[in-house]
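Novice: If you read the sequence shown in the working numbering, its first letter stands for residue 19, the second for the next number, and so on.
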Amino acid sequence: MPWVVRDVVNDINKAVGRRWRSLDPLLPAPGQLPQGCGAPLVVTGTDGRAVGLGACVHQPVPPGSLNQTWGAATRFILTPRLGGQDTAASLGALLSQWRDHLAGVAAAHEDDTAAFISWPTRDITGVRALLRHGLQPLTVVAARTRPGTARSGTARSGNPPGTARSGNPPGTAWSGIARSDSAPGGNGRPPAPPGVTIRRAGPLDVDTVFALEMGVIEFDAHFGGPVKREATAELLYAEVRASLERPEPAWTWLAERGRRPVALLVTQPPPDARWISGMTRRSPAAYLQTMFVIPEERGGGVGTALVRCAHRELDAWGIDVTLLHHSQVNPLSGPFWYRMGYRPLWTTWEARPALSLRGTPRSPAVTSQGGNLLLVARNSYGKLTVFLKVAEVPDVIGAQNWERASVTGSACRGSGPRARPRRRSRAGVPKAGSWAKAEDTLSVRS
Ligand SMILES: CC(C)(COP(=O)(O)OP(=O)(O)OC[C@H]1O[C@@H](n2cnc3c(N)ncnc32)[C@H](O)[C@@H]1OP(=O)(O)O)[C@@H](O)C(=O)NCCC(=O)NCCS
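1) In this structure, how does DSSP classify Arg-316 when only helix, strand and coil are distinguished?
2) Would you say Phe-94 touches ligand 1, meaning its beta carbon is less than 7 Å from a heavy atom?
3) Return helix, strand or coil for Ala-161, following the three-state DSSP convention.
4) Whole-angstrom Cβ separation of Val-158 and Gln-307, contact assumed at under 8 Å?
5) When you compare only the Cα positions, how much space is there between Pro-52 and Ile-95?
6) Since Thr-87 and Ile-235 should fall inside the 8 Å C-beta cutoff, what is the C-beta to C-beta distance between them, to a whole number of angstroms?
7) Helix, strand or coil for Gln-346 per DSSP?
8) For Glu-248, name the three-state secondary structure that DSSP assigns.
9) Ile-4 to Leu-71, Cα distance in whole Å?
10) Measure the beta-carbon distance from Leu-109 to Ala-57 and round it to whole angstroms, keeping in mind my assumption that it falls under 8 Å.
11) When you compare only the Cα positions, how much space is there between Arg-436 and Trp-38?
12) Quick check on Tyr-332: does DSSP put it in helix, strand or coil?
13) Would you say the beta carbon of His-240 comes nearer than 7 Å to a heavy atom of ligand 1?
14) Contact defined as beta carbons within less than 8 Å: I believe Leu-342 pairs with Leu-283. What is the distance between those atoms, to the nearest angstrom?
15) Tell me whether His-344 counts as near ligand 2, meaning its Cβ is closer than 7 Å to at least one heavy atom of that ligand.
16) For Gly-276, collect the residues of the same chain with a Cβ closer than 8 Å to its Cβ; drop the 5 residues on either side in sequence, then sort them by chain order.
17) Helix, strand or coil for Trp-38 per DSSP?
18) Under 8 Å between the Cβ atoms of Val-258 and Ala-281?
19) In angstroms, rounded to a whole number, what distance separates the CA positions of Cys-74 and Thr-340?
20) Indicate whether the contact test is met: 3 or more Cβ pairs, each with one atom in the segment 127-140 and one in the segment 363-374, closer than 8 Å.
21) Going by C-alpha to C-alpha distance, which of Leu-153, Arg-24, Arg-370 and Arg-162 sits closest to Arg-357?
22) Can Thr-270 and Ala-219 be called in contact, C-beta distance under 8 Å?
23) Give the range of the beta strand (DSSP E) segment to which Trp-274 is assigned.
24) Let's test the definition: count the other Cβ atoms within 10 Å of the Cβ of Ala-124 and tell me whether it reaches 16, buried, or not, exposed.
25) If we count the other Cβ atoms within 10 Å of its Cβ and call it buried at 16 or more, is Gly-243 buried or exposed?
26) Measure the C-alpha to C-alpha separation of Arg-247 and Arg-24 and round it to an integer number of angstroms.
27) Would you call Gln-103 buried or exposed, if buried means 16 or more other Cβ atoms sit within 10 Å of its Cβ?
28) What do you reckon, is the C-beta of Met-232 under 7 Å from a heavy atom of ligand 1?
29) In three-state DSSP terms, what is Leu-120?
30) State the Cα-Cα distance for the pair Thr-97 and Gln-50, rounded to the nearest angstrom.
31) Please list the terminal residues of the continuous beta strand (DSSP E) segment that includes Ser-136.
32) Considering Gly-72, what are the terminal residues of the beta strand (DSSP E) in which it resides?
33) Between the C-alpha atoms of Ile-30 and Asp-333, what's the straight-line distance to the nearest angstrom?
34) Express the C-alpha separation of His-76 and Leu-149 in angstroms, rounding to a whole number.
35) Report the rounded CA-to-CA distance for Gly-204 versus Ser-83, giving the unit in angstroms.
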């Protein structure tokens, strides 16, 4: 990267860092832009200086990977860096460029694709631009900090990962921080509802843990995040087995009523949570991967007891922050997690398929010529539409083109001059005073 460009990147990154810091103390310092598919997208201000950058990473997820269950098969991930206090205009411009870029990428025209962007939840200045460009707030990354810890943390930098969840089997069990003396054993645990016991899972629980994990995927699939694929069950089973067979099993807890398993909670310790820990400046970070209570046990306190049990252990281990994903529109998870002490940190916005991302809707331009009004509008895909309001039988355009014009006054609603719908004239020639929508091939004579 030439030094001039590097300086621009550094300046913008510094501005973004200050902005993030003032918005949310849990956000990380912005990391370097990832190596995108080409040169970064650049947004310039009115004075021609760069005010924002974006890198687009193309991520094809192999079919044999469990990661494909957590989203589209091919993901196009935009990492934005936008200076200034209000990102509305610069984000809009960046998203338009991104849409133009994706339109030229063959793989982005496939169905099983997503355009994906992680945006700090507290940065409300970008929300309208994201919505206007057709992105949907599908998933939230929520965070819970250990009670009693200072609000500031060691600054660390990072970029939000593109995928909703890691598909890799957890690595070795975590032993990085000495376990405190107050670590709860069976005695220190908060009470579970009567008749329910909580214990750690082991290798013999593979079928149970697998079934409960599948329960979450099936439940969350209602909300447009995970995609249950042909290979999902097989890949998930293998991951669960590998995780439970580790010398020190992952942090997996089961709740049972009598001998019947009723709920599951799985947490990744810091070494396994590295794929997401860059989303916050606090560390060490764990990731709460799975939480599921069988339907007939919900609303009775099992979930609360299981989470409190896990939190007691995480706090005792010195975990500073715990992250998790929940679907934005899951009616059970959001309220539950926020009562459990979590709060939103990042929102991941997606357009599926990728090219449902919209370009900038441009405002129509209206001009008048000899008493005739000409309105030129371009829709979000760049298609040009010309509307004409004719004061007299025109000399404005060629007669043969009128033949192809149709009277669609209502199409102008909400943009530019208000027009009353009119009946299509028999020969396709609009009457004087009516609005006509013409083909974009019309030639206009002055
Ligand atoms: C989200 C989920 C884990 C919550 O588990 P749960 O066992 O129903 O949770 P709890 O019973 O502890 O709390 C749920 C509700 O029961 C109420 N409740 C009833 N008796 C209770 C008790 N004795 N103690 C605590 N809460 C009790 C809670 O106040 C809470 O009320 P709400 O309706 O206002 O939310 C569960 O609904 C679930 O598995 N959902 C499907 C999968 C899912 O969404 N997973 C999370 C993916 S991120």
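Every residue, glycine too, gets a C-beta built ideally from N, C-alpha and C.
Computed from a prediction, not measured in an experiment: that's the story for all the values here.
Specialist: Taking the geometry as given:
1) Reduced to three states, the DSSP call for Arg-316 is coil.
2) No.
3) The answer is strand: DSSP assigns Ala-161 an E or B state.
4) Taking a contact as a CB-CB distance under 8 Å, the pair Val-158 and Gln-307 does not count as one, their CB atoms being some 15 Å apart.
5) Whole-angstrom Cα-Cα distance: 10 Å.
6) Indeed, because the Cβ distance is near 6 Å, the residues count as touching under 8 Å.
7) Gln-346: coil per DSSP, three-state reduction.
8) Note: Glu-248 maps to coil in three-state DSSP.
9) Here the chain covers residues 19 to 464 and nothing more, so residue 4 does not appear.
10) Contact flag wrong, Cβ pair sits at about 19 Å.
11) At Arg-436 the pLDDT is 37, less than 50, meaning the model places this residue with poor confidence and gives no usable figure here.
12) Note on identity: in this sequence residue 332 is Leu, with Tyr being the wrong assignment. Reduced to three states, the DSSP call for Leu-332 is helix.
13) The answer is no for His-240.
14) Actually they do not touch by this definition, with Cβ atoms about 10 Å apart.
15) Among the ligands modelled here, namely ligand 1, ligand 2 does not occur.
16) Gly-213, listed in sequence order.
17) DSSP places Trp-38 in helix when its eight states are reduced to three.
18) In terms of Cβ geometry, Val-258 and Ala-281 do not form a close pair [threshold 8 Å].
19) Distance between the alpha carbons of Cys-74 and Thr-340 is about 28 Å.
20) Judged by Cβ distances under 8 Å, the segment 127-140 makes contact with the segment 363-374, as three or more pairs qualify.
21) Looking at the Cα atoms, Arg-162 is the closest of the given residues.
22) In contact: Thr-270 and Ala-219 (Cβ atoms closer than 8 Å).
23) A quick correction: the sequence has Glu, not Trp, at residue 274. From DSSP, the beta strand (DSSP E) with Glu-274 extends over 269-275.
24) Under this definition Ala-124 is an exposed residue.
25) Counting Cβ neighbours within 10 Å, Gly-243 comes out buried, since at least 16 surround it.
26) Arg-247 and Arg-24 have their C-alpha atoms spaced approximately 42 Å apart.
27) A residue is called buried once 16 or more other Cβ atoms fall within 10 Å of its Cβ, and Gln-103, having fewer, is exposed.
28) The answer is no for Met-232.
29) Looking at Leu-120 - three-state DSSP - the assignment turns out to be helix.
30) Roughly 10 Å between the two C-alpha positions.
31) Counted as a single uninterrupted DSSP element, the beta strand (DSSP E) harbouring Ser-136 occupies residues 131-138.
32) According to the DSSP assignment, Gly-72 belongs to the beta strand (DSSP E) that extends over 68-78.
33) Roughly 36 Å between the two C-alpha positions.
34) If you take the alpha carbons of Leu-149 and His-76, they lie about 22 Å apart.
35) Below a pLDDT of 50, predicted positions are generally treated as unreliable, and Gly-204, at 43, falls in that range; no measurement from the model is reported.
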